[in-house]
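**Q** The structure under discussion is supplied below as structure tokens; questions concerning it will follow.
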Amino acid sequence: MTTLADRPRTALVVIDVQNDVVRDAYARDAVVGRIGALLDKARAAGAPVVWVQHSGDDLVEGSEGWRYVPELVRRGSEALIPKRYGDAFEGTGLEAVLAELGVGRLVVAGAETDACIRSTIHGAFTRGYDVTLVSDAHTAQDKTAWGAPPVDQVIAHTNLYWSFQAAPGRTARVLSAADVSFSAEAG
Numbered sequence: 005m006t007t008l009a010d011r012p013r014t015a016l017v018v019i020d021v022q023n024d025v026v027r028d029a030y031a032r033d034a035v036v037g038r039i040g041a042l043l044d045k046a047r048a049a050g051a052p053v054v055w056v057q058h059s060g061d062d063l064v065e066g067s068e069g070w071r072y073v074p075e076l077v078r079r080g081s082e083a084l085i086p087k088r089y090g091d092a093f094e095g096t097g098l099e100a101v102l103a104e105l106g107v108g109r110l111v112v113a114g115a116e117t118d119a120c121i122r123s124t125i126h127g128a129f130t131r132g133y134d135v136t137l138v139s140d141a142h143t144a145q146d147k148t149a150w151g152a153p154p155v156d157q158v159i160a161h162t163n164l165y166w167s168f169q170a171a172p173g174r175t176a177r178v179l180s181a182a183d184v185s186f187s188a189e190a191g
């Protein structure tokens, strides 16, 4: 279990599912659909939902490309964390929001697998959180032109290595969107 004291809740963290980030992403529509189903599950269970939104030189705050995809709609009561670095904890208020909500376990979905997803799951784990990566609810754009493997292999590799992540007092898991539960006993 999480090493964070008095943090029994599980939150869904949706990372960077923004128009320009996922425009040409691998299996975009299927991934966005599964994230929508996760939102429904989390909300039905009363679990906190935290949205993370990147901005930078190529992703200008307020632009159409910076906005979240229209299929996913944040409720006003759900936290929005603006960020400028890959790890959603770096230089943001994410930790304070999670502490206030009593969250010690994260369910992570979004984009991009080989950047912000990877950075954030590692950042969370080293900060004491239990982290579940949703195997079929994260994606990335094709970076083979720069020597990266095809996106399906990047996703498969990330899911594989995360399933073997270990540290004292914390758990790392990989579950499909269908297998994710936000009930208190699910952990």
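For the sequence shown, the numbering used here begins at 5 and goes up steadily by one.
The beta-carbon is built from N, C-alpha and C at its ideal position, and this holds for glycine as well.
Straight-line CA distance for I39 to S139?
**A** Those two C-alpha atoms are separated by around 11 Å.
**Q** Between which residues of its own chain and D62 is the CB-CB distance below 8 Å, once the five residues before and five after are set aside?
**A** Result list for D62: D24, in chain order.
**Q** Looking at the secondary structure, which residues open and close the beta strand (DSSP E) in which I85 lies?
**A** Taken as a continuous stretch (DSSP letters only), the beta strand (DSSP E) holding I85 covers A83 to K87.
**Q** Give the straight-line distance between the Cα atoms of L105 and P52, rounded to the nearest whole angstrom.
**A** Distance between the alpha carbons of L105 and P52 is about 7 Å.
**Q** Buried or exposed: which applies to H161, given that a residue is buried once 16 or more other Cβ atoms fall within 10 Å of its Cβ?
**A** It is exposed - the Cβ of H161 has fewer than 16 other Cβ atoms within 10 Å.
**Q** So, does the region 63-72 touch the region 89-100, judging by three or more C-beta pairs under 8 Å?
**A** Result no; under three Cβ-Cβ pairs closer than 8 Å.
**Q** With a 10 Å radius around its C-beta and 16 neighbouring C-beta atoms as the bar for buried, classify E189 as buried or exposed.
**A** With a pLDDT of 44 at E189, under the threshold of 50, the modelled position of this residue cannot be trusted; read the value that follows with caution. With fewer than 16 other Cβ atoms within 10 Å, it is exposed.
**Q** Using the rule of at least 16 other Cβ atoms within 10 Å of the residue's Cβ for burial, across every protein chain shown, is T136 buried or exposed?
**A** Buried: at least 16 other Cβ atoms inside 10 Å.
**Q** In chain order, what residues of the same chain have a beta carbon less than 6 Å from the beta carbon of S123, not counting five sequence neighbours either side?
**A** G90 and D91, listed in sequence order.
**Q** Count the other C-beta atoms from every protein chain shown that fall within 10 angstroms of the C-beta of T148, then say buried if there are 16 or more, exposed otherwise.
**A** With fewer than 16 other Cβ atoms within 10 Å, it is exposed.
**Q** Apart from the five residues on each side of it in sequence, which residues of its chain come closer than 8 Å, Cβ to Cβ, to A170?
**A** Same-chain partners within the cutoff: A176.
**Q** Helix, strand or coil, according to DSSP, for L164 in the structure here?
**A** Three-state result, L164: helix.
**Q** Could you tell me the alpha carbon to alpha carbon distance between T6 and T14, rounded to whole angstroms?
**A** So the two alpha carbons sit approximately 11 Å from each other.
**Q** Does the beta-carbon distance from D73 to Q157 come in below 8 Å?
**A** Asp is not the amino acid found at residue 73; the sequence shown has Val there. No, Cβ-Cβ distance for V73 and Q157 is not below 8 Å.
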